[in-house]
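Enquirer: Quick one: this structure, given as structure tokens, is what I'll be asking you about.
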Amino acid sequence: MNGTEKLKEVIVNGQWNWPPNRQLIEIQQRVQDIPVSLQPDCIGWHKRGGAFSTKQVWQLIRRASVIVPWWKLVWFSKRIPKHYFCLWLTILHAHKTKDKLLNWGLISSARCVFHCGGSESMDHLFFECPYTRDMWRDALRRCNFHRNILPWEEEVQWLEAYAKGDNFLAILMRLAVGATVYHIWLERNNRCFRNLFLPGDEISKRIREDMGRKIKSTGYAYGNDNDRHHSLCINWGVL
1015 MNGTEKLKEV IVNGQWNWPP NRQLIEIQQR VQDIPVSLQP DCIGWHKRGG AFSTKQVWQL
1075 IRRASVIVPW WKLVWFSKRI PKHYFCLWLT ILHAHKTKDK LLNWGLISSA RCVFHCGGSE
1135 SMDHLFFECP YTRDMWRDAL RRCNFHRNIL PWEEEVQWLE AYAKGDNFLA ILMRLAVGAT
1195 VYHIWLERNN RCFRNLFLPG DEISKRIRED MGRKIKSTGY AYGNDNDRHH SLCINWGVL
């Protein structure tokens, strides 16, 4: 068999009829208890009312995983998609940071591109590095939080607790961590691959600009006169 055969070629008179081939042993074992129907195949969609649903297709073909506690931090309607794809990868530790590349033998040094003297890892980038820590501290301050920065895993847990719900502050905090992580990773890549360097103040400015545009587009900047809401909008340069 060369891999282009059809199912009917391994069924004879309603019985499985596999050719002798060691490479097919596993698949033979998997299907041997599946009864062969003598009826011709047909395509059907079994759903109440008979309507096609892409959601149902996805639920049928996907491998369901355990719901993670941070999912609302990443997936919510007012997110900025490119920011939250990057944040999703960051929470999963999926970025190819220099410590990984060094372990794989692909580079000779894991030195942090922000010239702090440390070695690049996920925890270092978010936010052990003084350069990136200042950006996240600035974002927290604009959300009216003044506290020490925690290790990345603990920071995510803190956000799970304090950035939940649909109130203005919770949405701001989710937007802020997404924007901060995205712009740090973008600057890291620009330094690594394009030899382009921005000062930290400029990156913080870009974070504020992204935040400001999103806040205005959602309408949250208007229609609420309470003092806390007003101060948050002023902090982010919206009012």
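For the sequence shown, the residue numbers in the working numbering are 1015 to 1253. Where is the CB? At the ideal position from N, CA and C, for every residue including glycine.
Hey, L1186 and L1246 are a contact pair by Cβ (cut 8 Å); roughly how many whole angstroms apart?
Expert: Indeed they touch by this definition, with Cβ atoms about 6 Å apart.
Enquirer: Tell whether a beta-carbon distance below 7 Å holds between V1252 and I1221.
Expert: In this structure, I1221 does not lie closer than 7 Å to V1252 by Cβ.
Enquirer: Near W1250, which residues of its chain fall below 7 Å by C-beta distance, leaving aside the five closest residues on each side in sequence?
Expert: Within the same chain, W1250 has close Cβ partners R1156, R1222, M1225, G1226 and I1229.
Enquirer: Relative to the alpha-carbon of K1086, which residue among K1219, Q1053, G1192 and C1206 has its alpha-carbon at the smallest distance?
Expert: Checking every option, the nearest Cα to that of K1086 belongs to G1192.
Enquirer: Tell me whether K1110 is buried or exposed, calling it buried when 16 or more other Cβ atoms sit within 10 Å of its Cβ.
Expert: By the 10 Å Cβ count, K1110 comes out exposed.
Enquirer: Please look up how many angstroms separate the CB atoms of C1143 and F1159, rounded, as I've assumed it's under 8 Å.
Expert: Their Cβ separation, rounded to whole angstroms, is 20 Å, which puts C1143 and F1159 out of contact at 8 Å.
Enquirer: With distance defined between alpha-carbon atoms, name the residue in I1217, C1206, W1118 and P1034 nearest to T1194.
Expert: Of the candidates I1217, C1206, W1118 and P1034, the one whose C-alpha sits nearest the C-alpha of T1194 is I1217.
Enquirer: Out of F1211, N1027 and F1090, which has the shortest C-alpha to C-alpha gap to S1051?
Expert: When only C-alpha atoms are compared, the closest one is N1027.
Enquirer: Exposed or buried, what is A1065 when buried is set at 16 or more other beta-carbons lying within 10 Å of its beta-carbon?
Expert: Counting Cβ neighbours within 10 Å, A1065 comes out exposed, since fewer than 16 surround it.
Enquirer: Any heavy atom of the ligand ADP closer than 6 Å to the Cβ of D1113?
Expert: Absence of the ligand ADP from the depicted structure is noted, as is the absence of any ligand whatsoever, leaving it without description.
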